[in-house]
Amino acid sequence: MISMVKIASGEDAWRYFHDSVAVEAGRGDAVDYYAAEGTPAGRWYGSGVAGLGVAEGRTVTPAELSHLYGAGAHPLTGEPLARRYAVVATLEERVDARVKQLDTSLDDATREHAVTKIIAEETAHAPASSVAGFELVFNPPKSVSVLWALAPPSVQEQIKAAHEQALQETLAILERDALRTRVGAGGVAQLEVLGAVATGFDHWDSRDGDPQLHTHLLIANRVQTLDGRWRTIDSRHALSPHVVTLSEAYDAALMDALSNRLGVQWTERTAAVDERGFARFLQDRGLSDSQEARALFADANGVAARNRKWEIAGIPPRLLDEFSQRSTAIAKAKDDLIDEYRAATGKEPSRFQVWRMRNQATRRTRTAKTVRSLEQLSEDWRERAARITDPDELVADIVRAGSARLAEQGRWSLRGDDLADVLDIQEVAGRVLATLAEARATWTRANAMAEIHRALKPITFRSILDRDNASRRVLQRVIDQAVAVTPRNPMHAPREFRQSDGASAFAPTSRELFTTQRLLDAERRLLNAASHQTGLRVDAAILEGRLDEPDRQGRMLGSDQRDAVAMIAASGLAIDVLVGPAGAGKTTTLAKLRELWEQQHGQNSVIGLAPSASAAKVLGEALEIETENTAMWITGSTGPAPRFAMRSGQLVIVDEAGMSGTLALDELRAQSERAGAKLLLVGDWAQLGAVGAGGMFVTIAASRGKDAAELDQVWRFTAEWERDASVLLRLGDSAAIDAYAAHDRVESGTSEQMLADALSAWKQDVADGRDALLIASDNSQVRTLNEHAQQWLRAAGRLGEASVEILERMRAHIGDRIVSRSNNRTLRDSAGEWVRNGQEWVVVRIRRNGEAVVENTERARVTMPVDYLRDHVQLAYATTAHRSQGRTVDTAHVLVDESTSREVFYVGMTRGKHSNRAYVTAGLADTDATRQLERGWRDVLESVLRSTGAETSATATITREHERMSSIRQLAAEYETLAAHVAHERYGPLLADALGAQLHDQLRHHGGYDALVALIRRVDEQGLPVRDVVSDAVRARQLHNATDAAAVVHQRLTDRLAVAAASRPGRHREQIAGLVPSITTDNADMRRALEERAAAIVMRANTVLDIALSDREPWTERLGDASGEGGRSAAITVAAYRDKWGVTDADPLGPIDDLNHQRRADYTVAKGALDRIEQTSPDSPRSPRRGLVGARPQVPTELHEHRGPRLRSAP
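Structure representation (structure tokens):
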């Protein structure tokens, strides 16, 4: 597999790798790496190194690493490649520097306050740092590392060579498909580059000392375009979206290389663990043992292709487990450090002392990677392996079987044209399309290629060319049968802005989105049903008589709950929605709806479905109705012998409907339609969505608009401020961060520190008798927290000594809280209920045969067998946000990092009634490897709020993509990029004459060159003598010694332009739609492209204005009578500004709190147009400016995000 992280500029970007290199290698001597203490020296990789005069494969030196990753400079000469990197001091260095500057005469209290403020400021926001590159770690499957670790040198060399071959082949694919740069306004154009500039470092082991052959490939954030200029990598739209695809390509290439070199066969983990089951499967299906059969067995066991784990056949799973240790050490919690300080000194530590102690303690906790020779490591690995099997015999058996298999290589190692049969290509393409339809509402070529690699992985190809040929042919078939979501860009692209495949640089194929007709049809049917009247409703008389009656607990509905019940009960629609935030009382609302519905349609006329069996049980108990897991209902209601069926007049409640996939919802729609039932989709657009292709709950709710039943009062939280904060968090409003921080609900530090603090707070809650929940960002953190929580409970005497084995080789003791992770309808508790996925239990007894007697919250007991415990049970002290959705506890402790989405954060921070606390991983990563980008805790949380992970339906995405491609934002960016190219050709020679060839060539590779050319264009547009003005600016003073010559010339030109503007009347600038400066050119190819975009901008601005006037949008009130020629022209400028900058505010121009220079310039132009309208239209109302700068829409405004009223807290 391949993982990727960004690395920051500076010496730490590469120091770790060089420090582990064997001393002899560092001197450039020949090295026997088997005996030397250390790893091989780094080497140059990538076809882009040729542009630097570096030979690929040559050893890299520390000086070269420092130039390239430390400063973004040429590795040999140190000359800048584009703008030099910004290197910032570390957090500790910044805090120390500011503390040292404090006045020494300050008293202790004042000094403590100042230090606290410094730490708060420095930890909240980190200064911007340059991205020096991208670290890709190439990790073979564990079985490859184990075989390599135990094999003799001759076999080791073959395995290492196979790994290197796969890496090189994957790098070539990366350069072809995923390495691009972006240029132009907003990076609107994506250009091809000459290849990667990278260095690679081979390592032998993991930090815990397990065999782990892997390579760190550091791809420098410098790429050369065809014109010779050095630019940065487009990671957002090119590299990052391809990482998963590249990972699958590397795995497949490695499998091929090892099979073709050593003859090894591969097995999927499911078949390796369940050998008897696999044997029965082969017999039942009449199959012979093969890699393809093992893939089919995994599929039959519900293991999706993306979750399959391929390992070398013949290596025992127990041996793989032995060499897969994971350290779960965490730093000391803040409270523990304070207690230790008090005991040692008898005083309270200052904030600064605590902060320093934490950082020091964290560094001590980290396990430093010990540098040992491969010989020493191998001896250790062989000793450990010998406890399980004979390592020599194991390796000999695998090598012997492989040699025999190589004799028949032609039978199992295919050439690319062996898939020439149309049926083979079509069959694979059909499977891939079906998988994509289930997994994603929309997808890219990279997504499709990842699935193709997975589908073809069981097949061994003779070479990467054969595999790539077959994969690309399948991809073409998939694309041919897909539906394009992104519209084709009809605008002409001049030669300079066309890619090698003929695509426009403004519409690269990597950004194209697709969907399947199957999914689009399902979405269309659901939308139609959501507006289709069936007449199935509750009579008005029943509503009037019962709606305002209290429930059995004497509770009355809130006004929003009452309105929602009335709306749903009386709508008569085939599909209805109930939207409500966390803690809004959806269950109370549904209980009243059930009461009214059953009075109208009879007893048991309401049933419920939920995303998990445990959630269905909770729903059923709360509403006193029959419920089922949604997936189980669909399975049990389809096929030749259905067990479930809807009936006429039923109300079918689909709880957490946002988590249901589109195809599942469409099946439920079809069943309700046939039966004459009504579907009620209940959920929240702000919470977690479907794991697979989804987004339809949001789209249906958006299509209903104000007619959607929506709850807007929040009841769950005991603190009123937290109710308000949860509302802001739901909307992604950064004011929520202020609220949580003001109430000390945000902690920050390294990942290890946050694990420790969250665990410490959880311990205190448990000790105080609260129902507390730890919510982690991934399963690895869940395991670590569970393990430490259990250790604390054991130390506190709360658990018994007897234990049983559960998942991940952990153990559950008597008294432990556990959770079942698989439905088992044959395991019945003492109340007759079957064991459900997600159900929590407490271990009350352990039998001698290894079975465990467990008890649930209702005191019902069940005996869990050994196999179920080992395969389907985990500790339940910590969980992920996905598993916590729908739960309510007393307190929640939520671990947050940059990968957290807004939905995950919102769900986590709304589980606790009394308290919800965020533990934000900020600062630098817990690693001694490359220096990753530093982030302050507020930087992280603001990024989280901007990061929506919700799936968008294909229908909504089509609308969004059409809007994106036709918007003035896109069209103007394309026009301005083309105009800048014309300006470069026009003014570049003039600059070269003024600066001299050498200095001009240096500035062309500088980041400020483009801004300099743009300014010269403005000088020309003002009618000034360009050549004279530029010559004066250059010759005013010596430039060769200037640190930033481009900035100096830019400032001189700016000054001269300001003087000229003040001393002479302004020259009229030709502007498209009154907003976008136009340019002319004699180049016919370029002129055509410019004219097409200019016409499109004018047409779009007119359309935006006409629609706004027709719909009487509030902002048009300020336009007065815009029918006159002058008024219409000015109104078009305002409309163009709004469309370019996405203004949705009622004020014509919206708030201008943006630091974007171009937006401020456009605002000035649009403001002038609006002023002209108001001067000529005295009757037009003048809206006062808002007092709140930066006010934002109260709810998401795009079609794929639900529009609704702002929520309010319950009184």
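Position 587 (the sequence shown) corresponds to 587 in the UniProt record's numbering; numbering is contiguous. No residue lacks a Cβ here, since even glycine has one placed at the ideal position from N, Cα and C. Here the structure is a predicted model, which means the values were calculated and not measured.
| Beta-carbon separation of LEU76 and GLU92 under 8 Å? | Translated into the one-based positions of the sequence shown, residue 76 becomes position 76. Translated into the one-based positions of the sequence shown, residue 92 becomes position 92. No, the pair does not count as a contact, with Cβ atoms beyond the cut-off.
| How many angstroms separate the CA atom of GLU37 from the CA atom of LEU226? | One-based indexing of the sequence shown puts residue 37 at position 37. One-based indexing of the sequence shown puts residue 226 at position 226. Distance between the alpha carbons of GLU37 and LEU226: 43 Å.
| task | Return the chain-ordered ranges of every beta strand (DSSP E) run that is complete within the stretch 568–650 and spans a minimum of 3 residues. | result | Complete beta strand (DSSP E) runs here, min 3: 575–579, 606–610 and 626–629.
| Closest Cα partner of PRO391 within the set PRO316, GLN1038 and ARG405 | The residue given as residue 391 occupies position 391 in the sequence shown. With distances taken between CA atoms, PRO391 lies nearest to PRO316 out of PRO316, GLN1038 and ARG405.
| Beta-ladder partner(s) of LEU191, from DSSP | Indexing the sequence shown from 1 puts residue 191 at position 191. LEU191 has THR181 as its beta-bridge partners, per DSSP.
| field | DSSP beta-bridge partners of PRO494 | value | In the sequence shown, residue 494 corresponds to position 494, counting from 1. Looking at the DSSP assignment, PRO494 forms no beta bridge with any residue, so it has no partner.
| field | Sheet register partners of LYS6 (DSSP bridge) | value | The sequence position of residue 6 within the sequence shown is 6, counting from 1. DSSP, once it has assigned bridges, lists PHE134 as partnering LYS6.
| DSSP state of TYR877 mapped onto helix, strand, coil | In the sequence shown, residue 877 corresponds to position 877, counting from 1. Reduced to three states, the DSSP call for TYR877 is coil.
| Residues that DSSP places opposite ARG1004 in a beta bridge | Taking the sequence shown and counting its residues from 1, one reaches residue 1004 at position 1004. Beta bridge pairing from DSSP links ARG1004 with no other residue.
| task | Would you check if there are 3 or more beta carbon pairs closer than 8 Å linking the stretch 547–562 to the stretch 611–619? | result | Of all C-beta pairs linking the stretch 547–562 to the stretch 611–619, fewer than three are shorter than 8 Å, placing the two stretches out of contact.
| field | Spatial neighbours of ARG1087 in its chain, beta-carbon cut-off 8 Å, leaving aside the 5 residues before and after | value | To locate residue 1087, count along the sequence shown from 1; it is residue 1087. Here ARG1087 has THR1080 and THR1081 as same chain residues with Cβ atoms under 8 Å from its own Cβ, once five neighbours each way along the sequence are excluded.
| Start-to-end residues for the beta strand (DSSP E) that takes in HIS18 | To locate residue 18, count along the sequence shown from 1; it is residue 18. Looking at the DSSP string, HIS18 is not in any beta strand (DSSP E); the run it does join, the alpha helix (DSSP H), is 15–19.
| query | Does DSSP classify ARG1192 as helix, strand or coil? | reply | For the purposes of this step, residue 1192 is taken as residue 1192 along the sequence shown, with counting starting at 1. Confidence in ARG1192 is poor, its pLDDT being 31 and thus under 50, which makes the residue's placement unreliable; the coordinate value appears in the next sentence. Per DSSP, reduced to three states, the secondary structure at ARG1192 is coil, with no helix or strand assignment.
| task | Pull up the distance between the alpha-carbon of ILE159 and that of LEU258, whole angstroms please. | result | If you number the sequence shown from 1, residue 159 lands on position 159. If you number the sequence shown from 1, residue 258 lands on position 258. C-alpha separation (whole angstroms): 7 Å.
| Span separating the alpha-carbon of ILE1132 from that of ARG1017 | In the sequence shown, residue 1132 corresponds to position 1132, counting from 1. In the sequence shown, residue 1017 corresponds to position 1017, counting from 1. Cα to Cα, ILE1132 sits roughly 25 Å from ARG1017.
| message | Quick check on the burial criterion: 16 or more other C-beta atoms within 10 angstroms. Buried or exposed for PRO989? | response | Translated into positions along the sequence shown, residue 989 becomes position 989. Classification of PRO989: exposed, given that the 10 Å Cβ count is below 16.
| task | Return helix, strand or coil for ILE479, following the three-state DSSP convention. | result | Here residue 479 refers to the residue found at position 479 when the sequence shown is read from its first residue. Three-state result, ILE479: helix.
| task | Confirm, please, whether the CB-CB distance from ALA429 to VAL483 is below 8 Å. | result | Numbered from 1 along the sequence shown, position 483 holds the residue referred to as residue 483. Numbered from 1 along the sequence shown, position 429 holds the residue referred to as residue 429. No; because the gap between Cβ atoms is not below 8 Å, this pair is not in contact.
| task | Name the two residues that bound the continuous beta strand (DSSP E) containing HIS914. | result | Residue mapping note: residue 914 aligns to position 914 of the sequence shown, counting from 1. Note, HIS914: beta strand (DSSP E), 912–921.
| query | When the Cα atoms are used, what is the spatial distance from GLU1113 to LEU1170? | reply | One-based indexing of the sequence shown puts residue 1113 at position 1113. One-based indexing of the sequence shown puts residue 1170 at position 1170. Those two C-alpha atoms are separated by around 16 Å.
| query | Which residues bound the beta strand (DSSP E) around LEU799? | reply | Within the sequence shown, numbered from 1, the residue matching residue 799 stands at position 799. Where LEU799 is concerned, there is no enclosing beta strand (DSSP E), because DSSP gives it neither an H nor an E.
| query | Since THR921 and VAL944 are thought to touch, with beta carbons under 8 Å apart, how far apart are those beta carbons, to the nearest angstrom? | reply | Here residue 921 refers to the residue found at position 921 of the sequence shown. Here residue 944 refers to the residue found at position 944 of the sequence shown. Not quite, the Cβ-Cβ distance comes to about 11 Å (not below 8 Å), so this is no contact.
| Per DSSP, which one or two residues make a beta bridge with MET864? | One-based indexing of the sequence shown puts residue 864 at position 864. ALA852, per the DSSP bridge assignment.
| Going by DSSP, what residues sit across from HIS813 in a beta bridge? | Position 813 of the sequence shown, counting from 1, holds the residue named residue 813. Its beta-bridge partners are SER803.
| said: Taking only three categories from DSSP, how would you classify PHE352? | reply: Against the sequence shown, residue 352 aligns to sequence position 352. Three-state result, PHE352: helix.
| request: Within its chain, find whatever has a CB closer than 7 Å to the CB of residue 1212; leave out the 5 residues flanking it on each side and keep chain order. | output: Nothing about residue 1212 can be reported from this structure: the residues present for the chain run from 1 to 1211 only.
| With DSSP run on the structure shown, which of helix, strand or coil describes ASP202? | Within the sequence shown, the letter at position 202 stands for residue 202. Three-state DSSP puts ASP202 in a strand.
| request: Could you please give me the residues that DSSP links to SER373 through a beta bridge? | output: Here residue 373 refers to the residue found at position 373 of the sequence shown. Bridge partners of SER373: GLU37.
| task | Indicate whether at least one CB of chain D lies closer than 8 Å to the CB of ASP1147. | result | No chain D appears in this structure, which consists of one protein chain only.
| Is THR215 near the ligand GDP, going by C-beta to nearest heavy atom under 7 Å? | As far as ligands go, the structure on display features none, and thus does not contain the ligand GDP.
| said: Taking 7 Å as the limit between beta carbons, can you name the residues of its chain near ILE568, skipping five residues before and five after? | reply: In the sequence shown, the residue the question calls residue 568 occupies position 568. ASP576, LEU578, LEU593, LEU680 and ALA709, listed in sequence order.
| request: Have a look at ARG821 and THR863 and give me their C-alpha separation to the nearest angstrom. | output: Indexing the sequence shown from 1 puts residue 821 at position 821. Indexing the sequence shown from 1 puts residue 863 at position 863. Distance between the alpha carbons of ARG821 and THR863: 15 Å.
| query | The beta strand (DSSP E) with ALA1166 in it runs from where to where? | reply | Translated into positions along the sequence shown, residue 1166 becomes position 1166. That residue, ALA1166, is in no beta strand (DSSP E); its alpha helix (DSSP H) goes 1157–1176.
| query | Would you report the Cα separation of ARG537 and VAL652, rounded to the nearest angstrom? | reply | To locate residue 537, count along the sequence shown from 1; it is residue 537. To locate residue 652, count along the sequence shown from 1; it is residue 652. Taken atom to atom, the span from the alpha-carbon of ARG537 to that of VAL652 is near 13 Å.
| query | Going by DSSP, what residues sit across from ASN824 in a beta bridge? | reply | Within the sequence shown, numbered from 1, the residue matching residue 824 stands at position 824. Residue pairing by DSSP puts ASN824 in a beta bridge opposite VAL835.
| task | Tell me, please, which residues DSSP counts as bridged to GLY683. | result | Locating residue 683 in the sequence shown gives position 683, where the first residue counts as 1. For GLY683, the pairing in a beta bridge is given by DSSP as VAL579.
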